[in-house]
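Chains as they are written, first to last, in my numbering: chain L, 19 to 388; chain U, 19 to 388; chain A, 19 to 388; chain E, 19 to 388.
Structure record follows, encoded as structure tokens.
4 protein chains.
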Amino acid sequence: MAGSSFGTIFRITTWGESHGAGLGVVVDGCPAGLPLCENDIQLFLNRRKPGQSRYSTPRKENDAVSILSGVFEGKTTGAPISLIVFNENQQSGDYSEIASYYRPGHADYTFDLKYGFRDYRGGGRSSGRETIGRVAAGAIAVKILNRLGITFLTYTKSIGPVCIRPENFDPSRIPENPLAMPDSAAAEEARKYLDECIQKRDSSGGIIECVINGLPAGIGDPVFEKLSANLAKAIMSVGAVKGFEIGDGFRAAEAAGSSDNDAFTVGADGKIAKRTNHAGGILGGISDGSRILLRAAIKPTPSIAADQQTVTRSGEEITVNIKGRHDPVIVPRAVVVVESMAAVAIVDALFANMSAKMDSLESFYGKKEN
Amino acid sequence: MAGSSFGTIFRITTWGESHGAGLGVVVDGCPAGLPLCENDIQLFLNRRKPGQSRYSTPRKENDAVSILSGVFEGKTTGAPISLIVFNENQQSGDYSEIASYYRPGHADYTFDLKYGFRDYRGGGRSSGRETIGRVAAGAIAVKILNRLGITFLTYTKSIGPVCIRPENFDPSRIPENPLAMPDSAAAEEARKYLDECIQKRDSSGGIIECVINGLPAGIGDPVFEKLSANLAKAIMSVGAVKGFEIGDGFRAAEAAGSSDNDAFTVGADGKIAKRTNHAGGILGGISDGSRILLRAAIKPTPSIAADQQTVTRSGEEITVNIKGRHDPVIVPRAVVVVESMAAVAIVDALFANMSAKMDSLESFYGKKEN
Amino acid sequence: MAGSSFGTIFRITTWGESHGAGLGVVVDGCPAGLPLCENDIQLFLNRRKPGQSRYSTPRKENDAVSILSGVFEGKTTGAPISLIVFNENQQSGDYSEIASYYRPGHADYTFDLKYGFRDYRGGGRSSGRETIGRVAAGAIAVKILNRLGITFLTYTKSIGPVCIRPENFDPSRIPENPLAMPDSAAAEEARKYLDECIQKRDSSGGIIECVINGLPAGIGDPVFEKLSANLAKAIMSVGAVKGFEIGDGFRAAEAAGSSDNDAFTVGADGKIAKRTNHAGGILGGISDGSRILLRAAIKPTPSIAADQQTVTRSGEEITVNIKGRHDPVIVPRAVVVVESMAAVAIVDALFANMSAKMDSLESFYGKKEN
Amino acid sequence: MAGSSFGTIFRITTWGESHGAGLGVVVDGCPAGLPLCENDIQLFLNRRKPGQSRYSTPRKENDAVSILSGVFEGKTTGAPISLIVFNENQQSGDYSEIASYYRPGHADYTFDLKYGFRDYRGGGRSSGRETIGRVAAGAIAVKILNRLGITFLTYTKSIGPVCIRPENFDPSRIPENPLAMPDSAAAEEARKYLDECIQKRDSSGGIIECVINGLPAGIGDPVFEKLSANLAKAIMSVGAVKGFEIGDGFRAAEAAGSSDNDAFTVGADGKIAKRTNHAGGILGGISDGSRILLRAAIKPTPSIAADQQTVTRSGEEITVNIKGRHDPVIVPRAVVVVESMAAVAIVDALFANMSAKMDSLESFYGKKEN
């Protein structure tokens, strides 16, 4: 099935495998007139680049992006924007062995069952490199949103058992440490935890948190196209994500109504606001003007160097340990992926909202008759 | 925006408000030849009926369903199936007051901002009665799946702080207690907890768990149409759901790869299987043949009788306490809603999977040429 | 497959069979704040009612519509609008015979092959009554468009060999004659032609023309979502339509570029306009501000009383003549169906266009940053 | 709006402008296991290449295609197939003048109004080169269909007033003459007509006919997803197409039911068949097992060297004659585009049909319960 597109009015279509010619994305439905250059996208791609610390794979991937269409004289034209990153550093030889067996925690087995065979080189389509297209598209989505005053703050909330503490929260720390944590003490602790993981030839999961400021109220639709539902799909479609929360998330399940409800109030500016934000900025599937708060649970990198039990394609039980250059934790690199997918979902929701009221329609096209 | 449909090949479209003429759903893309009668659907609707215990609203809602199309001589014809439940017990008078202010935790405020006004009678489109269409459609989806050997077990996992214990797990208890818990001791505890909530004029949240057995491997698509992503959207689109997990979910974020990976093995039947199921039956977005395990976090019922701070439509701060017949907990009634949405998402994924391989296509239509 | 919906942002979903409980449509994505009552829709449905002359079936169908949802205090709320028409005059007995054989020109055979069996009562889902949902939705679409100054003129252009003449064109005649022709002389001629058809127990086809005034330039998208392509799908999805043209249509295929191109000019009002309109108001798939002109070719009613050769379900050759109350021509009744489908396609295109430019987006949501 | 994709389960997404870096398509939903190499696609692209006679532009476009993803060891993997053709022969200088005015018959004016500005180099996104992506995808669609015994015969039916004659019909002539006509005499006549056009610095339109053999009965859905409706959208989405017919098309509008209905019969092979095929192989929107017959009306190339009246972007009336290397007729080059779009629509319909019956579903997945 055609499963490589996301979004309705603003739609991204990704393609590519880790060891093919390259990877890319077609961004369709981008409004005309947005200033856009390759550097806008490169800055995003650089945030997911490996090799920036010992906590990510030492593979060097330059991942230089080219804009092939949809931009003319420095601005988007309304035509689809085709972005491409050629693969450079393919060492297919590293992967030949894994063709014969199913790596635990990977999609090898399910791809074989679904398609009859698979491109086994580095995970093929199920590789983490598949996120290159998402992030390239996300750069455009975020740029659109920034123009409308909507901004993102996305970071690592926890790695394994190590979680940031509210009292230490400092966004300026995020780009400073390779783990993208807004808390230096927690980052230091997490670093130690990862060192232990590496020593045990093991890996770690973690949680990513994304805060979206400036989203106007009224975005998202009731019922199936709730903003929360589309954010959930966007984030859960990222490989390795096993859980999603909006606002208090699973803690809301333990709460009482009296503490979970956010009381409305009138702010100093005379505007209606909420006193608290347990809801994470969404009521009934529609943004309420508070900041959006979401979280993604990332499982540990499945490629580990420790011994594991598995079976071969021919059904023989074997013990393997997966060699190669793998990330002991993918959480920090996935931060920009989560932000990108959230941005794509929000752009689509903003576009879909423009025809919600006859008033808006009439002021856009001109009212002619009663 | 058209946000009242879910699914691509098997698509449901719901409509209706709590105090309008009725509510319904159009189920489109149902295969021809499925035996179907109103009772099949009524049994599902009865599972979400209120008034079955003191832990749900004492409103009496018969919610008798009629099939208006798509069934002929006891079987589905392939045409869209229109299902309708007329509203009977509308006491619009009860709700007139809430027209003037924004109930905390409800969608009153966001509907007003999005649409300029709202049908304030009982929540209108954002009422819990909106789930009638979902459940009616779910009955059909589950019936299709049962024919293919796919079955559901869905239940309340926790209410507030009270959680079922694995050692007590007994599915036969689920229909026996009004809280739909598979653990009598936990159900008893939860009952006491809810009694306290009622006394404090408060409400409680909880967690629903859904287990899907018999789903073949290979269902779901890589990238954006991951089975996990579509299940997440399906479940997060249900009102009051604030979190979603597949398999170990947020616990995977704390785990190490060595314990989170599910080792493959060869079963007694000579078939490849997994020794554990931390993944919840989905690898790389595709079902792996193990049982699917998902969870939804439900926030506490926002309508509580205790005093709350809020503002009126004209921007005046007031104190309210919401009268009326409300559920102190909606979790038990939402069990069948979660099951229904999961079933709808899975039917769609099964249909989309049929063209995944040339082999399948050729055996379906007949191969003519090499 | 889910094939009963049309449109993306403004989406209609129809259901129902000619001899089931009723027929209806769910109109989703209608903006909030549109004044709407049942009479708005009834007036449209009355235009497709049979029994208004001897040239349509003498069946009496009141087809009274009810609004079941989506309207509150006389205005649309943004929620899906469910419209229903109950079937009244079902004489299933009339149709029992046709269960056994395949009527030439009907969908009996193809339904049987696709679905394994069919609801044979009056054509079931493939009956002309299926258009009730389209027309009910069309009434809403036209009402939205009228508010924006966009109006429709739709009429019978020809019946069999009898065509209206430009020199006689008079729109005021359309509602006056039962054939919906804007030319009294042609209508008189066509009436005679149909009398002959009736006498021969035969039927006639014809052409419907639809003129859309006031559509702003810029509507429709390049490539696959051309306005012309979506209008074509909308119109060709109506039963019995075998051809579609925009502007000069098939005559353009015989023309030379010098006569087919529409020269641009500057009008008396200082605005850019076209001197001619061979293009039918669409250039490169996008509306150019001229009136839209489209045509649909309708085949003759397949149900005729004359003898026909066919086969039974069990494969026996037989001669049949189809009894019952059939239209000798469906063209006049299909006029409002063509108009409705065109209107639905245009509303969707208008909504999709609102995010075409960053400028529009920024003036809608407020620009915050450069 | 995202308008660059076509299809639901088998979906193509095109991108690129005539004078950008290149053009391409992402083909998503292609089944795994189809043998595919670049030459399969190149052969299709060669059919739309210009410079093959004096009746097409003398521009030399090699249009060499590369497969960037989705194919491994010579077979499709189920992942999206990204195809790219780099632009080689861009002489942007040729086009600088047209930036200032609106070419009659082109999309210059409508793009400017929709997007605020346009990529004026060679038509940008509205150039005929946009069809490269369609044809590259069509090559894959046709290859899939050939495997199932479904074949295409597509040709020029008429050029200007010159039409092929049934008595001369000879498919072997199609590749032999540069006009792709299956009638040598008509091709000779058309050649003379085009010589006159060239001499007058004018251009010509024409009609393309496409015959599809071997399509099983039962493909397509009733109501909005009629096979005829989707074919109409597919074909009308091609630039310059102004009309579409299925079977007898507009001639059916003049016919009587007795002659338009196709009588059913039992063939020598004992199978049900139709004696005639006025319907063009589709009844009620569903294929009936006869060959599909469709036609597209193509308008004359709008770029002509003769003097034309138009206006500049600043609203000044001017006389222009469009220099450059233009086709006096695009019909022969559009033959493969029509075939490609028809093939894409049919593949999607075949995939969507697989879940039409419970029987099919149960034999695909295994029936487990009654």
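Think of the CB as a built atom: it goes at the ideal place given N, C-alpha and C, for glycine as much as any other residue.
Just so it is clear, the structure is predicted and the values come from calculations on it, not from any experiment.
Three-state secondary structure (DSSP) of residue i
{"i": "A:Asn-231", "result": "strand"}
{"i": "A:Leu-379", "result": "helix"}
{"i": "E:Gly-275", "result": "helix"}
{"i": "A:Asp-46", "result": "strand"}
{"i": "A:Tyr-173", "result": "strand"}
{"i": "L:Arg-29", "result": "strand"}
{"i": "U:Thr-95", "result": "coil"}
{"i": "E:Val-153", "result": "helix"}
{"i": "E:Pro-53", "result": "strand"}
{"i": "A:Ser-144", "result": "helix"}
{"i": "L:Phe-129", "result": "helix"}
{"i": "E:Val-362", "result": "helix"}
Per-residue contacts from residue i into chain A (C-beta, under 7 angstroms)
{"i": "U:Glu-35", "result": "Ser-87 and Ala-97"}
{"i": "L:Leu-52", "result": "Met-376"}
Neighbour list for residue i in chain A, Cβ cutoff strictly below 9 angstroms
{"i": "U:Ser-22", "result": "Arg-29, Thr-31, Val-44, Asp-46, Gly-47, Ala-97 and Pro-98"}
{"i": "L:Tyr-127", "result": "Chain A residues near L:Tyr-127: none, gap ~30 angstroms exceeds 9 angstroms."}
DSSP beta-bridge partners of residue i
{"i": "A:Ala-315", "result": "A:Ile-225 and A:Gly-261"}
{"i": "E:Gln-326", "result": "E:Val-338"}
{"i": "E:Cys-181", "result": "E:Ser-176"}
{"i": "L:Lys-34", "result": "The question names Lys, but residue 34 of chain L is Gly in the sequence shown. Bridge partners of L:Gly-34: L:Leu-41."}
{"i": "U:Thr-283", "result": "U:Ala-291"}
{"i": "A:Ile-168", "result": "Paired residue(s): none; A:Ile-168 is not in a bridge."}
{"i": "L:Phe-104", "result": "L:Gly-40"}
Beta-carbon separation (whole angstroms), residue i vs residue j, contact threshold 8 angstroms
{"i": "A:Lys-375", "j": "L:Ala-50", "result": "5 angstroms"}
{"i": "L:Val-347", "j": "L:Ile-336", "result": "Going by Cβ atoms, the distance from L:Val-347 to L:Ile-336 rounds to 27 angstroms, so no, they are not a contact pair."}
{"i": "U:Ala-97", "j": "A:Glu-79", "result": "Incorrect: roughly 20 angstroms between the Cβ atoms, too far for contact."}
{"i": "E:Asp-366", "j": "E:Gly-25", "result": "4 angstroms"}
{"i": "U:Ile-225", "j": "U:Arg-313", "result": "6 angstroms"}
{"i": "L:Ile-340", "j": "L:Ala-352", "result": "The Cβ separation is near 20 angstroms, so there is no contact."}
{"i": "E:Ser-87", "j": "E:Ile-99", "result": "6 angstroms"}
Listed by chain order, chain L residues near residue i by CB distance under 7 angstroms
{"i": "E:Gly-40", "result": "Leu-86"}
Partner residues on chain A for residue i, Cβ-Cβ distance less than 8 angstroms
{"i": "U:Tyr-133", "result": "Ala-50, Gly-51, Thr-95 and Gly-96"}
{"i": "E:Tyr-120", "result": "Phe-282 and Ile-290"}
Chain-ordered neighbours of residue i on chain U, where CB pairs are closer than 8 angstroms
{"i": "A:Thr-26", "result": "Ala-20"}
Partner residues on chain U for residue i, Cβ-Cβ distance less than 9 angstroms
{"i": "L:Pro-179", "result": "Glu-272"}
{"i": "L:Ile-322", "result": "Ala-274, Gly-275, Ser-276 and Asn-279"}
Closer than 9 angstroms at the beta carbon, the chain L residues around residue i
{"i": "A:Ser-74", "result": "Going along chain L, no residue has its Cβ under 9 angstroms from A:Ser-74, so there is no contact; the nearest lies around 32 angstroms."}
Any chain B beta carbon closer than 7 angstroms to residue i
{"i": "E:Phe-62", "result": "No chain B appears in this structure, whose protein chains are L, U, A and E."}
Within chain U, partners of residue i - CB distance below 7 angstroms
{"i": "L:Glu-263", "result": "Lys-260 and Gly-261"}
Contact list for residue i against chain L, beta-carbon separation under 8 angstroms
{"i": "A:Ala-363", "result": "Those do not exist, as A:Ala-363 stays about 15 angstroms from chain L at its closest Cβ, beyond 8 angstroms."}
Residue i: contacting residues in chain E (beta-carbon distance under 9 angstroms)
{"i": "U:Gly-384", "result": "Leu-166, Gly-167 and Pro-234"}
- Message: Give me the subset of the region 328 to 340 of chain U whose CB atoms are less than 9 angstroms from a CB atom of chain L, sorted by chain position.
- Response: Thr-328, Val-329, Gly-333, Glu-334 and Glu-335
- Message: Taking beta-carbon pairs under 7 angstroms, can you tell me which members of the region 198 to 232 of chain U lie near chain L?
- Response: Cys-215, Asp-220, Ser-221, Ser-222, Gly-223, Gly-224 and Ile-225
- Taking Cβ-Cβ distances below 9 angstroms as the criterion, which residues of the region 135 to 166 of chain A are in contact with chain L? Ile-162, Asn-164, Arg-165 and Leu-166
- Task: Name, going along the chain, the residues of the region 243 to 257 of chain E whose beta-carbon falls closer than 9 angstroms to a beta-carbon of chain A.
- Result: Glu-243, Lys-244, Ser-246, Ala-247, Asn-248, Leu-249, Ala-250, Lys-251, Ala-252, Ile-253, Met-254, Ser-255, Val-256 and Gly-257
- Query: What are the residues of the region 307 to 318 of chain U that lie near chain L, defined by any Cβ-Cβ distance shorter than 9 angstroms?
  - Reply: Gly-307, Arg-313, Ala-314, Ala-315, Ile-316, Lys-317 and Pro-318
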